[in-house]
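Student:
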Amino acid sequence: GGGPGWGGPGGHGPGGGGGGPRGGGSGCHGPGGGGPECFGPGGGGGHGPGWGGNGGGGSGDHGSEGKDPESKPGKKLEAKGGGEGDIWDDGVFDGVRKVHVGQYLSGVSFIKIEYNKGSKVIIGDGHGKESMLELETFELDYPSEYITALKGKYDKLHQEKGGSMTYVTTLIFVTNKRTSRPYGLDAGTSFEIKEEGQKIVGFHGKAGDYIHQIGVYVVPITN
């Protein structure tokens, strides 16, 4: 348990964590306060002062997350491509180790990224649909190599059953050391997603049977 906390209608008491008493509003219950009327910075079993009413908890850890130095917020850069498909979002990591790319007739049909977080390799979910063609892999020399820009193309293609859909047709990864070869098909409108002085640490987008849209998260480059 942590420091003092104080509450709204729930009065006040020593704050923070474990099974001990915690400050917070009348709606708070559970380890660290987490009832339906509770929210507050950090939530969970707090280390610092918390406040109640609508508050509760403390500015501490909830479980293994909370003030984890690894969970720095990345900046989300806008995705490029079309609006079809379902949203996917890998979130933010320390860096990228490998990108697996699949292609099919209309363009990039599948992407799966291996990230690094702390001392662990995290294999992201696959997005899109794997085709009969073998996946191709762009492997980085992590941690000294990192992606600084995502380039590519997207194209609007007419469908047999009428209408059209936009597909990401090409992906190219630019690192601090080199530029990957193009993955996919060379057709459509070019795009580039980057922010000066930042590196890519996560991806998001939209996918169905193909990748329809792709964007990134960036954080400042540190030595």
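Under this note's numbering, residue 290 is the last one in the sequence shown; the count climbs by one each step, no gaps.
Where a beta carbon is used, it is the ideal one built from N, C-alpha and C, also for glycine.
This structure is a prediction, so every number in the text was calculated from the model and none was measured.
#1: Please report how far the alpha carbon of R164 lies from the alpha carbon of L224, in whole angstroms.
#2: Specify the secondary structure class of Q226 as computed by DSSP and reduced to three states.
#3: Going by CA-CA distance only, name the one from N243, K244, L238, I260 that's closest to L252.
#4: In the structure shown, what three-state DSSP assignment does S176 receive?
#5: Out of L200, I180, T204, Y213, point me to the one whose CA is closest to H194's CA.
#6: Which residues does DSSP list as the beta-bridge partners of N183?
#7: Distance check for S176 and F205, CA to CA, integer angstroms please.
#8: Between which two residues does the beta strand (DSSP E) harbouring L144 extend?
#9: Between the alpha carbons of K244 and I267, how many angstroms are there, rounded?
#10: Roughly how many angstroms separate the alpha carbons of G150 and I190, rounded to a whole number?
#11: Can you list, in chain order, the residues of its chain with a C-beta nearer than 8 Å to that of I168? Leave out the 5 residues immediately preceding and following it.
#12: Evaluate K142 with the Cβ neighbour count: other Cβ atoms within 10 Å of its Cβ, from every protein chain shown; 16 or more gives buried, anything less gives exposed.
#13: From what residue to what residue does the beta strand (DSSP E) around P287 run?
#14: Please name the residue, chosen from Y277, H271, G275, H279, that lies closest to V285 on a Cα-to-Cα basis.
#15: With 16 as the cutoff for other CB atoms within 10 Å, does Q294 come out buried or exposed?
#16: Just grab the DSSP bridge partners of L252 for me.
#17: Do T242 and Y221 come within 8 Å of each other at the CB atom, strictly closer than that value?
#18: Using a Cβ-Cβ cut-off of 8 Å, state whether G158 counts as contacting chain B.
#19: Given this structure, state the Cα-to-Cα distance separating I278 from D156, to the nearest angstrom.
#20: DSSP has D153 in a bridge; who is on the other side?
#21: Would you mind working out which of Q170, L200, P210 sits nearest K184, comparing C-alpha positions?
#22: When the Cα of Y182 is compared with those of M232, Q170, K196, I214, which residue comes out closest?
#23: Roughly how many angstroms lie between the CA atoms of K261 and G148, to the nearest whole one?
#24: Give the secondary structure of L238 by DSSP, where H, G and I count as helix, E and B as strand, and everything else as coil.
Tutor: Reading from the atomic positions:
#1: Within the sequence shown, numbered from 1, the residue matching residue 164 stands at position 97. Within the sequence shown, numbered from 1, the residue matching residue 224 stands at position 157. Their Cα atoms are separated by approximately 32 Å.
#2: If you number the sequence shown from 1, residue 226 lands on position 159. Coil.
#3: Within the sequence shown, residue 252 is the residue found at index 185, counting from 1. Between L252 and the set N243, K244, L238, I260, the nearest pair of CA atoms involves L238.
#4: Numbered from its first residue, the sequence shown carries residue 176 at position 109. In the three-state DSSP reduction, S176 falls in the strand class (E or B).
#5: As a working mapping, residue 194 is identified with position 127 in the sequence shown. Distance check between H194 and each of L200, I180, T204, Y213 places I180 closest, using alpha-carbon atoms only.
#6: In the sequence shown, residue 183 corresponds to position 116, counting from 1. For N183, the pairing in a beta bridge is given by DSSP as G162, V188.
#7: Counted from its first residue, the sequence shown places residue 205 at position 138. Counted from its first residue, the sequence shown places residue 176 at position 109. Each residue's alpha carbon lies about 16 Å from the other.
#8: For the purposes of this step, residue 144 is identified with residue 77 of the sequence shown, where counting begins at 1. Residues 142-148.
#9: Indexing the sequence shown from 1 puts residue 244 at position 177. Indexing the sequence shown from 1 puts residue 267 at position 200. So the alpha carbons of these two residues sit roughly 14 Å apart.
#10: Numbered from its first residue, the sequence shown carries residue 150 at position 83. Numbered from its first residue, the sequence shown carries residue 190 at position 123. C-alpha of G150 to C-alpha of I190: approximately 26 Å in a straight line.
#11: Position 101 of the sequence shown, counted from the start, is the residue given in the question as residue 168. The sequence shown places Val at residue 168, rather than the Ile named in the question. For V168, where only same-chain residues beyond five positions count, the Cβ hits under 8 Å are V175, F177, I178, L202, E203, T204, F205, L238, Y250, G251.
#12: As a first step, residue 142 must be located in the sequence shown, where it is residue number 75. Exposed is the call here.
#13: Position 220 of the sequence shown, counting from 1, holds the residue named residue 287. Boundaries of the beta strand (DSSP E) around P287: 278-287.
#14: For the purposes of this step, residue 285 is identified with residue 218 of the sequence shown, where counting begins at 1. Out of Y277, H271, G275, H279, the CA that lies nearest to the CA of V285 is found in H271.
#15: Because the chain spans 68 through 290 in this model, residue 294 falls outside it and cannot be assessed.
#16: Indexing the sequence shown from 1 puts residue 252 at position 185. The bridge partners DSSP lists for L252 come to none.
#17: As a position in the sequence shown, residue 221 is number 154, starting the count at 1. As a position in the sequence shown, residue 242 is number 175, starting the count at 1. Taking 8 Å as the Cβ cut-off, Y221 and T242 do not qualify as a contacting pair.
#18: Here chain B cannot be found, since the structure has a single protein chain.
#19: In the sequence shown, the residue the question calls residue 278 occupies position 211. In the sequence shown, the residue the question calls residue 156 occupies position 89. Each residue's alpha carbon lies about 13 Å from the other.
#20: For the purposes of this step, residue 153 is taken as the residue at position 86 of the sequence shown. In the DSSP assignment, the residues bridged to D153 are A274.
#21: Within the sequence shown, residue 184 is the residue found at index 117, counting from 1. Residue P210 holds the alpha-carbon nearest to the alpha-carbon of K184 among Q170, L200, P210.
#22: In the sequence shown, the residue the question calls residue 182 occupies position 115. When C-alpha distances from Y182 are compared across M232, Q170, K196, I214, the shortest belongs to I214.
#23: Taking the first residue of the sequence shown as 1, we reach residue 261 at position 194. Taking the first residue of the sequence shown as 1, we reach residue 148 at position 81. Rounded to the nearest whole angstrom, the CA to CA distance from K261 to G148 is 15 Å.
#24: Position 171 of the sequence shown holds residue 238. Three-state result, L238: strand.
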